[in-house]
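UniProt numbering numbers the first residue of the sequence shown as 1 and each following residue consecutively.
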Amino acid sequence: VASVGYRYKKWNLGSDIVLVARCEHDGVLQSPNGEPQFLSIKALNEWDSKLANGVEWRQKLDTQRGAVLANELRNNACKLAKWTVQAVLAGSDQLKLGYVSRSNPRDPSRHVILGTQQFKPHEFATQINLSMDNAWGVLRCIIDIVMKQKDGKYLIMKDPNKPMIRLYDIPDNTFDSEDSDNGEGDDGEITMINNFH
């Protein structure tokens, strides 16, 4: 049983390209007027602030929630942008963020929710300077590059240290035999097709 609700959405990207995606809702609330409100619910996990030169959530969350969120945006910008885009694409009415910390720093199995915060996804996207037009433009650029390639199996990888994405042409049998240790599926050459920034 899935722990989320799925909603299938369709977008026309022009040039006879139609994108269909399975989007997720983590919950639903009934609004005062009886309409369902779809929710995206995500958890930010506190890292040991003494090691990370961060903000101690237990001391600052109630009085300086904005500073805590700003620190998370600085350290986890990609994660928060991804969650925001997912909420926008799914058509969620609210994006709820939970601030979660370990009950005891040495016990990885017990956690406590220190607080929550909710946003309208489009408004939060504006606050974090996330442009959906730019996101659609990047996707369209990737689609155009991939559509120029011959049929086959490809791998897209983001360079961890540079603002660059690489497209690799990989052998068709790559990743087919993950359970076997006999080396099958590893022969063939991986060729870099394109770098794009």
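Idealized CB from N, CA, C, for every residue including glycine.
Exercise. DSSP state of residue 164, grouped into three classes?
Worked result: For this step, residue 164 is matched to residue 164 along the sequence shown. Note: residue 164 maps to coil in three-state DSSP.
Exercise. Which word fits residue 90, buried or exposed, when buried means at least 16 other C-beta atoms lie within 10 angstroms of its C-beta?
Worked result: To locate residue 90, count along the sequence shown from 1; it is residue 90. Buried is the call here.
Problem set entry | 8 Å contact criterion, which residue 168 and residue 192 should meet: CB distance rounded | As a position in the sequence shown, residue 168 is number 168, starting the count at 1. As a position in the sequence shown, residue 192 is number 192, starting the count at 1. At roughly 5 Å, the Cβ-Cβ gap stays under 8 Å, so residue 168 and residue 192 are in contact.
Problem set entry | Whole-angstrom distance between residue 147 and residue 83, CA atom to CA atom | Within the sequence shown, the letter at position 83 stands for residue 83. Within the sequence shown, the letter at position 147 stands for residue 147. Approximately 27 Å, taken between the alpha carbons.
Exercise. From what residue to what residue does the beta strand (DSSP E) around residue 36 run?
Worked result: For the purposes of this step, residue 36 is identified with residue 36 of the sequence shown, where counting begins at 1. It spans 36-45 - the beta strand (DSSP E) in which residue 36 sits, taken as one unbroken run.
Exercise. Just how far apart, CA to CA, sit residue 107 and residue 13?
Worked result: Counting from 1 along the sequence shown, the entry for residue 107 is found at position 107. Counting from 1 along the sequence shown, the entry for residue 13 is found at position 13. Those two C-alpha atoms are separated by around 48 Å.
Problem set entry | For residue 18, the three-state DSSP class (helix, strand or coil) | Numbered from its first residue, the sequence shown carries residue 18 at position 18. Residue 18 falls in the strand class under three-state DSSP.
For this session: Quick one: residues in its chain with C-beta nearer than 6 Å to the C-beta of residue 93, no 5 flanking neighbours on either side, listed in chain order?
Result: By one-based count along the sequence shown, residue 93 stands at place 93. Once the five neighbours on either side are set aside, the close Cβ partners of residue 93 are 37 and 38.
For this session: Taking the CB atoms as reference points, tell me whether residue 19 and residue 57 lie closer together than 7 Å.
Result: As a first step, residue 19 is located in the sequence shown; it is residue number 19 there, counting from the start. As a first step, residue 57 is located in the sequence shown; it is residue number 57 there, counting from the start. Cβ distance not < 7 Å, so residue 19 and residue 57 don't count as in contact.
For this session: May I ask you to report which of helix, strand or coil DSSP gives residue 175?
Result: Counted from its first residue, the sequence shown places residue 175 at position 175. Three-state DSSP puts residue 175 in coil, outside helix and strand.
Exercise. Between which two residues does the alpha helix (DSSP H) carrying residue 146 extend?
Worked result: Along the sequence shown, read from residue 1 onward, the residue named residue 146 stands at position 146. Where residue 146 is concerned, the enclosing alpha helix (DSSP H) stretches over 132-147.
Exercise. So what does residue 117 bridge to, in DSSP terms?
Worked result: Along the sequence shown, one-based indexing puts residue 117 at 117. Residue 117 pairs with 97.
Exercise. Can you name, in chain order, every residue of its own chain whose Cβ lies under 6 Å from the Cβ of residue 98, other than the five neighbours on each side?
Worked result: Along the sequence shown, one-based indexing puts residue 98 at 98. Once the five neighbours on either side are set aside, the close Cβ partners of residue 98 are 43, 113 and 116.
Exercise. Do you know offhand how far residue 4's Cα is from residue 85's?
Worked result: Mapped onto the sequence shown, residue 4 falls at position 4. Mapped onto the sequence shown, residue 85 falls at position 85. If you take the alpha carbons of residue 4 and residue 85, they lie about 17 Å apart.
For this session: State the beta-bridge partners of residue 89 as determined by DSSP.
Result: Position 89 of the sequence shown, counted from the start, is the residue given in the question as residue 89. For residue 89, which the question treats as bridged, DSSP gives no partner whatsoever.
Exercise. What's the C-alpha gap between residue 110 and residue 104?
Worked result: In the sequence shown, residue 110 corresponds to position 110, counting from 1. In the sequence shown, residue 104 corresponds to position 104, counting from 1. Cα to Cα, residue 110 sits roughly 7 Å from residue 104.
For this session: Could you pull out every residue in the same chain whose Cβ sits closer than 8 Å to the Cβ of residue 81, ignoring the five residues on either side in sequence?
Result: Locating residue 81 in the sequence shown gives position 81, counting from the first residue. Cβ neighbours of residue 81 beyond the five flanking positions: 128 and 130.
Exercise. Nearest CA to the CA of residue 21: which residue from 144, 11, 140 and 149?
Worked result: Translated into the one-based positions of the sequence shown, residue 21 becomes position 21. Of the listed residues, the one whose Cα sits closest to residue 21 is 11.
Problem set entry | Rounded straight-line distance, which links the Cα of residue 87 to that of residue 29 | As a working note, residue 29 is residue 29 in the sequence shown. As a working note, residue 87 is residue 87 in the sequence shown. Looking at the two C-alpha atoms, the distance is approximately 15 Å.
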